[in-house]
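S.K.: Start counting the sequence shown at 75; every next residue gets the next number (our numbering).
No residue lacks a Cβ here, since even glycine has one placed at the ideal position from N, Cα and C.
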Amino acid sequence: MHISRVDLNLFIVFEAIYAEGSLTRASLKMNLTQPAISHALGRLRQLFDDPLFERQGHVMVPTPLARSIIEPVRQALRGFEVTLNGVERFDPASSERTFSVALRDVLEASVLPPLMAELAHSAPSVGLNALQVGRRELESELAAGTLDAAIDILLPLSPDVRHTRLVRDKTVVLVRRDHPLVRDGMLDMDTYLALEHIMASSRRRGPGLEDFELSRMGLQRRIRLRCQHYFSACRVVSQTDLALTIPERLAQVVNQQFDNQILPFPLTMPSLDIYLYWHANVDNDPANVWLRERLTAVTATLPG
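#1: One question on the structure: do V247 and L186 come within less than 7 Å of each other, judged by their Cβ atoms?
#2: State the Cα-Cα distance for the pair V175 and T238, rounded to the nearest angstrom.
#3: If we require 4 or more residues per run, which alpha helix (DSSP H) segments fall completely within the stretch 218-276?
#4: My output table needs one value for V200: the three-state DSSP class, helix, strand or coil.
#5: Under the rule that 16 or more other beta-carbon atoms within 10 Å means buried, what is M263, buried or exposed?
#6: Could you check which residue in L288, T373, M273 and E211 has the C-alpha nearest to that of L267?
#7: Can you tell me where the alpha helix (DSSP H) holding S312 begins and where it ends?
#8: Below 8 Å CB to CB, which residues in the same chain sit around L346 once its five sequence neighbours on both sides are set aside?
#9: Between which residues of its own chain and A325 is the CB-CB distance below 7 Å, once the five residues before and five after are set aside?
#10: State the DSSP-derived secondary structure class of H353, mapped to helix, strand or coil.
#11: Output the distance between the C-alpha atoms of A374 and V87, rounded to the nearest integer angstrom.
#12: Going by DSSP in three states, V80 sits in which element: helix, strand or coil?
#13: For V372, which three-state DSSP category applies?
#14: So, helix, strand or coil for R290, using DSSP?
#15: Can you tell me which of D81, I111 and V80 puts its alpha carbon nearest to the alpha carbon of G52?
#16: What is the rounded straight-line gap between the Cα of L299 and the Cα of D315?
#17: Between which two residues does the alpha helix (DSSP H) harbouring A317 extend?
#18: Is the separation between the beta-carbon of A183 and that of V328 shorter than 7 Å?
#19: Can the beta-carbon of V235 be found less than 7 Å from the beta-carbon of H113?
#20: Mind the definition here: the stretch 116-130 touches the stretch 138-153 only if three or more C-beta pairs lie below 8 Å; say whether that holds.
#21: Which two residues bound the contiguous beta strand (DSSP E) that contains R300?
#22: In this structure, how does DSSP classify M190 when only helix, strand and coil are distinguished?
#23: When you compare each of R278, T319, S276 and P230 to E270 by their alpha carbons, which one comes out closest?
#24: Output the residue ranges of the beta strand (DSSP E) runs that lie fully inside the stretch 123-180 and measure 3 residues or longer, sorted by chain position.
#25: For the beta strand (DSSP E) that contains P337, what are its first and last residues?
#26: Which first and last residues belong to the alpha helix (DSSP H) in which S101 is found?
#27: Would you grab the beta carbon distance between R278 and G219 for me? Rounded to a whole angstrom, and I think it's under 8 Å.
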């Protein structure tokens, strides 16, 4: 079937139903009546000779065919959007656009404050959604335009996902002031291994990067506490004799109110590089270029 015989607006409706899982929510998202959404879905069903969505309770569940075509549809719609935006000048001072950026929770405390301060000055009506997205879904969401950019460690993604290094970071260790085993701001390996440690990780199990490096030397530390967030870990450090191994730039932020000692990690570690990711289909999109420039600028000012 030739594309000239197909109403492309139907695919916008298809994506809205898929994203919302509901005809009612899709109609609200698109500012259309529910009968209009239902009519468009009926035309799509005829076009594909497939129900595309089946009702299960209050949710419209996509069929296998719908799941197989959603990503190509989203990429095509994103391509049209980028083409249209490319002929328009993006004016951050007047734009009311909301950008979506994937950001690991350990980076939020470092990146969001200076970024929002920058937006308040140069783009007062621009909004930001900071999201945590599974690394397996990162590429497909960037391609579909549900994400505008992502900040993370170096990841094995396809050439369609562009990336550039934002910052280099190094590993440090936090211990409380007046720690009985740490004197004169010095921390050697014997003392480090004698300490009990906190691991801050969203994962339920598994070693940290520092544990891999220690194991290369035939060494092992004792993890006394495993928790989810560095802020919580930093507070525990301030009230106990436990130690926390942490990226330096993050330590400079989360440790401000606790005044723990920040000490060099007593072993040479690979640098903790952080990268900015975006999809090739927005390489020249003025709005995305502006967003990337802002993210690059604010990360360059982070302490550490």
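M.R.: Working from what's here:
#1: Position 173 of the sequence shown, counting from 1, holds the residue named residue 247. Position 112 of the sequence shown, counting from 1, holds the residue named residue 186. At least 7 Å separates the beta-carbon of V247 from that of L186.
#2: As a position in the sequence shown, residue 175 is number 101, starting the count at 1. As a position in the sequence shown, residue 238 is number 164, starting the count at 1. Distance between V175 and T238, taken at the CA atoms: about 15 Å.
#3: Counting whole runs of 4 or more residues, the stretch 218-276 contains the alpha helix (DSSP H) stretches 263-268.
#4: Walking along the sequence shown from the start, residue 200 turns up at place 126. The three-state reading of DSSP puts V200 in coil, since its state is none of H, G, I, E or B.
#5: The sequence position of residue 263 within the sequence shown is 189, counting from 1. By the neighbour-count rule (16 or more Cβ atoms within 10 Å), M263 is not buried but exposed.
#6: What you label residue 267 is simply residue 193 of the sequence shown in a count that begins at 1. The residue among L288, T373, M273 and E211 with its C-alpha nearest the C-alpha of L267 is L288.
#7: The count along the sequence shown starts at 1 and reaches residue 312 at position 238. Here the alpha helix (DSSP H) through S312 covers Y304 to Q313.
#8: The residue given as residue 346 occupies position 272 in the sequence shown. Excluding sequence neighbours, L346 sits near I227, R242, D243, K244, T245, L283 and P321.
#9: Reading the sequence shown from its first residue, position 251 is the one you call residue 325. A distance below 7 Å between beta-carbons, with the five flanking residues on each side excluded, links A325 to the following residues of its chain, in chain order: V246, L248 and I336.
#10: If you number the sequence shown from 1, residue 353 lands on position 279. Strand.
#11: Along the sequence shown, one-based indexing puts residue 374 at 300. Along the sequence shown, one-based indexing puts residue 87 at 13. In a straight line, the C-alpha of A374 is about 41 Å away from that of V87.
#12: Indexing the sequence shown from 1 puts residue 80 at position 6. DSSP places V80 outside both helix and strand once states are collapsed to three, so it counts as coil.
#13: As a first step, residue 372 is located in the sequence shown; it is residue number 298 there, counting from the start. In the three-state scheme derived from DSSP, where H, G and I count as helix and E and B as strand, V372 is classed as helix.
#14: Against the sequence shown, residue 290 aligns to sequence position 216. In this structure, R290 counts as helix in the three-state DSSP scheme.
#15: Residue 52 lies beyond the range of the chain shown here (75 to 378); nothing can be said about it.
#16: Translated into the one-based positions of the sequence shown, residue 299 becomes position 225. Translated into the one-based positions of the sequence shown, residue 315 becomes position 241. If you take the alpha carbons of L299 and D315, they lie about 12 Å apart.
#17: The residue given as residue 317 occupies position 243 in the sequence shown. Element bounds for A317: not the alpha helix (DSSP H) but the beta strand (DSSP E), A317 to P321.
#18: Translated into positions along the sequence shown, residue 183 becomes position 109. Translated into positions along the sequence shown, residue 328 becomes position 254. Yes.
#19: Sequence index remark: in the sequence shown, residue 235 carries index 161 (1-based). Sequence index remark: in the sequence shown, residue 113 carries index 39 (1-based). Taking a C-beta distance under 7 Å as the contact criterion, V235 and H113 do not qualify as a contact pair.
#20: Because the criterion of three Cβ pairs below 8 Å is met, the stretch 116-130 and the stretch 138-153 touch.
#21: If you number the sequence shown from 1, residue 300 lands on position 226. That run of the beta strand (DSSP E) goes R296 to C301.
#22: The residue you call residue 190 lines up with position 116 of the sequence shown. Here M190 sits in helix by DSSP.
#23: Looking up residue 270 in the sequence shown gives position 196. With distances taken between CA atoms, E270 lies nearest to T319 out of R278, T319, S276 and P230.
#24: Counting only runs of 3 or more residues that sit fully inside the stretch 123-180, the beta strand (DSSP E) segments are 127-130, 133-136 and 172-177, in chain order.
#25: Numbered from 1 along the sequence shown, position 263 holds the residue referred to as residue 337. Per the sequence shown, the amino acid found at residue 337 is Leu instead of Pro. It spans Q335 to P338 - the beta strand (DSSP E) in which L337 sits, taken as one unbroken run.
#26: Here residue 101 refers to the residue found at position 27 of the sequence shown. In this chain, the alpha helix (DSSP H) harbouring S101 covers L97 to M104.
#27: Your numbering for residue 278 matches position 204 in the sequence shown. Your numbering for residue 219 matches position 145 in the sequence shown. About 32 Å separates the two Cβ atoms, so there is no contact after all.
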